[in-house]
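To convert, count from 1 in the sequence shown and add 289; that's our numbering.
Input: a single structure, listed below in structure tokens.
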Amino acid sequence: MTTALTVSGCSGNTTDPSDAKESIVDLVEESTTAVGGEWTLYRGPAAEVCEQPGGGKGAHFVYILEREGADGPTPAADISTVEELWKSKGITTERFQSGSADPLTGVNGRGGPVTTVGFDAYPQGYTMTGISKCSDGDVKELRREE
Numbered sequence: 290m291t292t293a294l295t296v297s298g299c300s301g302n303t304t305d306p307s308d309a310k311e312s313i314v315d316l317v318e319e320s321t322t323a324v325g326g327e328w329t330l331y332r333g334p335a336a337e338v339c340e341q342p343g344g345g346k347g348a349h350f351v352y353i354l355e356r357e358g359a360d361g362p363t364p365a366a367d368i369s370t371v372e373e374l375w376k377s378k379g380i381t382t383e384r385f386q387s388g389s390a391d392p393l394t395g396v397n398g399r400g401g402p403v404t405t406v407g408f409d410a411y412p413q414g415y416t417m418t419g420i421s422k423c424s425d426g427d428v429k430e431l432r433r434e435e
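Put into structure tokens, the structure is as follows:
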């Protein structure tokens with residue numbers, strides 16, 4: 290149920306790995322707190338290879354939390370809550386909806402303090418996925434530190 294976010298590279302100035310990791314954890318956790326409910330760790334924050342603006346390799350962090358079912362407000366209300374939060378942080382958002390009779394809905398974001406972030410608000414469960422900006426750092430070394 291995880292949204293696949295494509296990252297073709299990272300833009301902007303270099304970032305320290307600890308700052309990149311902290312920024313994505315903070316945003317994902319602030320977003321899940323805004324929605325409410327009991328969220329569990331699915332993955333991360335995990336270091337992965339990304340491409341620096343100059344073409345060299347760097348590291349970004351992937352962090353994913355999930356929650357069972359939609360309780361309380363409807364998924365549409367939760368999407369609005371997340372979208373407003375992200376926009377307040379300079380993230381450009383785009384909503385999505387599948388074409389089925391019982392559509393899968395959510396919102397994706399780019400920019401601001403992250404490379405990409407996504408919120409899948411499906412009736413059977415929610416997923417919040419974030420990918421930090423590309424940072425300086427060797428993924429193998431960062432994984433040893435985790």
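Even for Gly, the Cβ is constructed at its ideal location relative to N, Cα and C.
Q) Sorted by chain position, which residues of the same chain lie with C-beta nearer than 7 Å to G426's C-beta, five sequence neighbours on each side aside? A) So the list reads P306, G347 and A348, once near-sequence residues are dropped.
(Q) Taking only three categories from DSSP, how would you classify G301? (A) Below a pLDDT of 50, predicted positions are generally treated as unreliable, and G301, at 48, falls in that range; the measurement from the model is reported next regardless. DSSP places G301 in coil when its eight states are reduced to three.
Q: Assess, as a yes-or-no matter, whether the segment 407-419 is touched by the segment 349-357 under the definition of 3 or more beta carbon pairs within less than 8 Å.
A: In this structure the segment 349-357 touches the segment 407-419; the number of beta carbon pairs closer than 8 Å is three or more.
Q. So what's S387 in DSSP terms, helix, strand or just coil?
A. The answer is coil: DSSP assigns S387 none of H, G, I, E or B.
Q | Bounding residues of the beta strand (DSSP E) (the contiguous stretch that carries D308) | A | Segment P306 to V324 is the alpha helix (DSSP H) holding D308; no beta strand (DSSP E) there.
Q | Identified DSSP bridge partners for G414 | A | Answer by DSSP bridge pairing, in chain order: E357 and Y411.
Q: Return the CA-CA distance between V428 and L330, expressed in angstroms with no decimal places.
A: Going by C-alpha positions, V428 is about 21 Å away from L330.
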